[in-house]
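Q:
Residue numbers (UniProt numbering): 1 to 663.
1) Tell me whether residue 102 is buried or exposed, calling it buried when 16 or more other Cβ atoms sit within 10 Å of its Cβ.
2) Got a sec, what are the start and stop residues for the alpha helix (DSSP H) residue 190 sits in?
3) Identify which residue in 637, 641, 617 has its Cα closest to the Cα of residue 628.
4) Who pairs with residue 584 in a beta bridge, going by DSSP?
5) Under the criterion of a Cβ to heavy atom distance below 7 Å, does residue 378 qualify as lining the ligand MG?
6) Need the endpoints of the alpha helix (DSSP H) that residue 374 sits in, please.
7) What does DSSP give as the partner residues of residue 99 in its beta bridges?
8) Determine, using beta carbons only, whether residue 36 and residue 83 come nearer to each other than 8 Å.
9) Thinking just about the alpha-carbon of each residue, which of 637, 501, 511 is nearest to the one in residue 247?
10) With a Cβ-Cβ cutoff of 8 Å, do residue 605 and residue 563 count as a contact?
11) Does the region 103-111 come into contact with the region 137-156, if we say contact requires no fewer than three beta-carbon pairs (one atom in each stretch) closer than 8 Å?
12) Along the beta strand (DSSP E) that carries residue 13, what are the first and last residues, could you check?
13) In this structure, how does DSSP classify residue 532 when only helix, strand and coil are distinguished?
14) Between which two residues does the alpha helix (DSSP H) containing residue 653 stretch?
15) Put residue 620 into one of helix, strand or coil per three-state DSSP.
16) Closest to residue 142 by C-alpha separation, out of 55, 60, 635, would be which residue?
17) So which of 410, 388, 395 has the shortest CA-CA distance to residue 336?
18) Quick check on this structure: which residue in 487, 26, 402 has the alpha carbon closest to the alpha carbon of residue 341?
19) Between residue 422 and residue 318, how many whole angstroms is the CB-CB distance? I'm expecting something under 8 Å.
20) Below 8 Å on the Cβ atoms is my contact criterion, and I expect residue 63 with residue 79 to pass it. Report the Cβ-Cβ distance as a whole number of Å.
21) Given a cut-off of 8 Å, decide if residue 307 and residue 463 are closer than it, judged by their beta-carbon atoms.
22) Taking all protein chains shown into account, decide if residue 578 is buried (16 or more other Cβ within 10 angstroms of its Cβ) or exposed.
23) I need the boundaries of the alpha helix (DSSP H) containing residue 606, first residue and last residue.
24) If you draw a straight line from the C-alpha of residue 174 to the C-alpha of residue 541, how long is it?
25) Exposed or buried, residue 445, counting other C-beta atoms within 10 Å across all chains shown (16 or more means buried)?
26) Compute the distance between the beta-carbons of residue 420 and residue 328, then report whether it is under 8 Å.
27) Below 8 Å, how does it come out for the region 631-651 and the region 600-616: are there three or more Cβ pairs, yes or no?
28) In the DSSP assignment, the beta strand (DSSP E) including residue 19 goes from what residue to what residue?
29) Hey, residue 245 and residue 507: beta-carbon distance below 8 Å or not?
30) Could I get the ranges of all uninterrupted beta strand (DSSP E) runs contained in the region 143-201, with 3 residues as the minimum, in chain order?
31) Near residue 28, which residues of its chain fall below 8 Å by C-beta distance, leaving aside the five closest residues on each side in sequence?
32) Is DSSP giving residue 242 helix, strand or coil here?
33) Report the rounded CA-to-CA distance for residue 59 versus residue 9, giving the unit in angstroms.
34) Considering just the uninterrupted stretch of the alpha helix (DSSP H) at residue 31, what are its terminal residues?
35) Check for me: the alpha helix (DSSP H) holding residue 42 runs from which residue to which?
36) Ordered along the chain, which non-local residues of its own chain (more than five positions away) have a Cβ less than 6 Å from that of residue 393?
This is how it looks when you write it as structure tokens:
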């Protein structure tokens with residue numbers, strides 16, 4: 001097992017310690033002092049030097065010494081703690097320095113406080129904060145160190161979930177298979193679970209039990225409602241009822257046949273047939289009279305429509321031709337102006353002559369007079385170049401003028417052609433308009449000549465005969481109204497009687513359906529009760545499993561400790577179990593009246609077991625040690641902090657009997 005021991009603890013300007021040194025040399029230490037003399041400060045200094053926190057795990061506590069008003073007694077001091085540890089005989093030094101930062105601004109004679117700085121040293125070497133933390137972690141991690149250093153840390157500063165997790169980590173959990181194997185009563189449980197966890201299956205059971213209870217509460221109510229809704233059929237004979245229904249239906253059918261004979265009367269049918277024949281003949285005459293005229297009218301309407309379209313087309317041709325005439329005239333006028341301008345330009349260029357101007361007859365290089373033949377050659381060349389350029393310019397103007405004249409001629413020819421087309425289209429338009437007027441007159445005449453069938457003698461005769469027939473049919477029907485009314489009343493009575501008989505028959509069917517529903521509900525009630533009983537058995541098995549596991553787990557965990565005992569489950573009023581983690585000693589809960597001495601020894605017992613699990617021992621600080629007459633044995637270094645009213649100044653003694661007072 002790795003042993004970590006405190007060799008020396010030095011604190012300067014730390015919570016009232018001006019210059020304090022605890023030389024333990026790895027041995028046990030007793031610190032005596034009245035309240036407020038600095039016993040707990042030793043533990044605070046030790047924890048702050050390593051982790052930057054006090055003994056209660058706070059980071060925001062006051063390090064500087066304060067006066068009675070709560071103000072810092074002296075500024076500008078370095079507040080430092082140095083911890084010298086022995087790691088299996090190997091020395092390791094950690095030092096943390098907390099200092100005020102004062103800055104003098106430009107132009108100011110005084111420095112101003114601008115914050116704090118913290119410096120870190122490992123074995124005398126300055127390091128960064130992260131490196132310092134890593135160096136401490138290589139010795140032992142902070143959370144483990146606190147568990148092994150403070151007897152109160154496990155029970156008073158960890159949440160119950162954290163304590164429970166640590167115990168299961170240290171002692172090991174118990175598998176479901178181990179629990180089932182240990183209790184023969186649980187051998188059916190795996191097949192019941194079907195792969196679910198105990199907790200999940202308990203949830204399934206609880207949900208299903210709740211559903212069954214709801215159904216079982218509803219079923220008696222449903223049965224009672226069904227029984228109360230059963231109609232009284234004690235006086236009904238189903239066989240006689242069916243015979244009566246059949247008899248009444250036969251009488252209704254006979255009366256319906258009688259009604260049909262009355263309503264369809266023979267003479268009425270003959271007259272109605274003749275009336276339909278007359279109406280058909282009248283329609284035939286009307287079609288005959290109008291059919292030929294309708295055909296001619298349709299053809300003439302098509303002719304008028306065609307002439308309208310042709311007139312519109314000719315008008316569009318005239319408009320297009322007139323548009324072309326106007327456009328070509330404007331373009332021809334423009335090109336005539338171009339031709340005139342070009343003729344004037346040609347005359348202007350043709351009259352141009354080479355200007356006679358004086359030439360320098362001297363050599364531009366030496367300044368001597370040039371020979372006469374060279375001077376004449378230069379003049380001849382200049383005249384030739386002028387004439388060539390003039391001829392080219394005249395030729396170009398002549399070409400452009402001819403093109404403009406040709407364009408004027410072509411455009412004028414186009415104007416003449418479109419003018420002829422306009423005249424021809426005007427003549428065609430007049431002819432089409434005359435034809436259209438004649439066709440429209442013929443169409444109007446055809447419409448006026450449409451013959452009215454009422455003027456035809458045959459049509460008039462048939463119409464008169466049809467009127468007489470309608471009157472005769474109405475008179476015949478009036479004579480049958482009384483007979484039909486009597487039969488109708490008899491039919492109504494028979495149908496009412498049939499409805500009454502059918503209602504009685506329906507009561508029998510309804511009673512049978514309700515009886516069948518009651519039987520089904522009673523079967524469902526028995527089935528649900530049986531299922532509920534099965535769920536009760538499964539629930540008992542899961543509770544037996546939990547009780548067995550609780551017993552095994554608590555026995556296994558408690559076997560690791562000499563004094564401390566742990567309650568990991570709490571029995572609920574409803575019979576269930578709730579996960580907890582309560583430390584007890586001789587049945588008394590840690591937070592339920594356990595005295596300080598027992599608390600400290602229970603804490604030491606826990607530290608001993610945790611130390612064996614983690615493979616470490618670390619210095620143990622026992623605060624309020626005066627409450628314990630005898631600490632339980634431990635392999636770790638123990639630093640007792642003892643309240644002593646007689647010691648008004650902190651007095652420290654080591655196992656080597658060296659006493660020192662705090663400064």
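Even for Gly, the Cβ is constructed at its ideal location relative to N, Cα and C.
A: Let me lay it out:
1) exposed
2) 189-193
3) 641
4) According to DSSP, which records beta bridges pairwise, residue 584 is partnered with 565, 589.
5) Summarising the ligand content, the structure contains no ligands, and the ligand MG is consequently not present.
6) 372-448
7) 78, 117
8) Taking a C-beta distance under 8 Å as the contact criterion, residue 36 and residue 83 do not qualify as a contact pair.
9) It is 501.
10) Yes. Within cutoff.
11) no
12) 2-14
13) helix
14) Unbroken run through residue 653 is the beta strand (DSSP E), 651-654; no alpha helix (DSSP H).
15) strand
16) 55
17) 410
18) 402
19) Right, their Cβ atoms sit about 6 Å apart.
20) 5 Å
21) no
22) exposed
23) Annotation for residue 606: the continuous alpha helix (DSSP H) segment containing it runs 596-614.
24) 18 Å
25) exposed
26) no
27) yes
28) 17-23
29) no
30) With a minimum length of 3 residues, no continuous beta strand (DSSP E) run stays inside the region 143-201.
31) 637, 638, 639, 640, 654, 655
32) If DSSP states are grouped into helix, strand and coil, residue 242 belongs with the helices.
33) 20 Å
34) Premise fails: residue 31 lies in the beta strand (DSSP E), 29-33, not in any alpha helix (DSSP H).
35) 39-51
36) Contacts found: 349.
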